[in-house]
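Trainee:
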Amino acid sequence: MSIYVGNLSYEVTEEDLSEIFAEYGTVKRVQMPKDRETGRLRGFAFIEMETDTEETAAIDALDGAEWMGRDLKVNKAKPREERKPGGGSWGNNNRSSRRNYN
Numbered sequence: 090m091s092i093y094v095g096n097l098s099y100e101v102t103e104e105d106l107s108e109i110f111a112e113y114g115t116v117k118r119v120q121m122p123k124d125r126e127t128g129r130l131r132g133f134a135f136i137e138m139e140t141d142t143e144e145t146a147a148i149d150a151l152d153g154a155e156w157m158g159r160d161l162k163v164n165k166a167k168p169r170e171e172r173k174p175g176g177g178s179w180g181n182n183n184r185s186s187r188r189n190y191n
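Residue numbers for the sequence shown follow the numbering used here, beginning at 90 and rising by one.
(1) Is it a yes or a no for the stretch 149-159 touching the stretch 91-105, going by three-plus beta-carbon pairs under 8 Å?
(2) Which same chain residues end up closer than 6 Å to alanine 147 when comparing Cβ atoms and leaving out the 5 residues on each side of it in sequence?
(3) Does glutamate 170 pass the burial test, meaning 16 or more other C-beta atoms within 10 Å, or should it be called exposed?
(4) When burial is assigned at 16 or more other CB atoms within 10 Å of the CB, is methionine 138 buried or exposed?
(5) In angstroms, rounded to a whole number, what distance separates the CA positions of asparagine 164 and leucine 97?
(6) Can you check DSSP and say which residues form a bridge with isoleucine 92?
(7) Assign glutamate 144 to one of two classes, buried (16 or more other C-beta atoms within 10 Å of its C-beta) or exposed (fewer than that).
(8) Using the Cα positions of alanine 134 and lysine 173, report the straight-line distance between them to the nearest angstrom.
(9) What residues match up with aspartate 43 in a beta bridge as DSSP calls it?
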């Protein structure tokens with residue numbers, strides 16, 4: 090299981106997150122996704138802690154807390170949804186891209 094941490098400052102580091110969450114138990118892993126195209130942090134992270142009890146304590150204490158000028162969103166991470174083959178689409182709903190302007 091892991092914790093989702095959202096609304097993070099773009100200046101936050103893995104070390105910053107480890108330090109804050111270590112107050113509630115042993116931090117096993119910190120993952121901070123980056124945008125594939127720009128390489129910039131995406132403003133959220135996933136934290137894994139040693140036990141469910143530690144994760145619950147961190148969630149209870151930090152959800153809604155103000156940190157680095159932002160109100161954190163902290164909750165249990167939801168399982169990643171599998172994407173459909175072929176990727177997403179902005180969807181033209183199988184309509185032709187040509188338009189008839191008569």
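Ideal placement from N, C-alpha and C gives every residue a C-beta, glycine not left out. Just so we're clear, the structure is a prediction, and the values are computed from it rather than from any experiment.
Mentor: To lay it out plainly:
(1) yes
(2) Mapped onto the sequence shown, residue 147 falls at position 58. Answer for alanine 147: Phe110, Tyr113, listed in chain order.
(3) One-based indexing of the sequence shown puts residue 170 at position 81. That one is exposed.
(4) Against the sequence shown, residue 138 aligns to sequence position 49. Buried, since its Cβ has 16 or more Cβ neighbours within 10 Å.
(5) The residue you call residue 164 lines up with position 75 of the sequence shown. The residue you call residue 97 lines up with position 8 of the sequence shown. One C-alpha to the other measures close to 13 Å.
(6) The sequence position of residue 92 within the sequence shown is 3, counting from 1. Ile136, Lys165, per the DSSP bridge assignment.
(7) Walking along the sequence shown from the start, residue 144 turns up at place 55. Result: buried.
(8) For this step, residue 134 is matched to residue 45 along the sequence shown. For this step, residue 173 is matched to residue 84 along the sequence shown. If I take the Cα positions, the gap works out to 24 Å.
(9) With the chain covering 90 to 191 only, the question about residue 43 has no answer from this structure.
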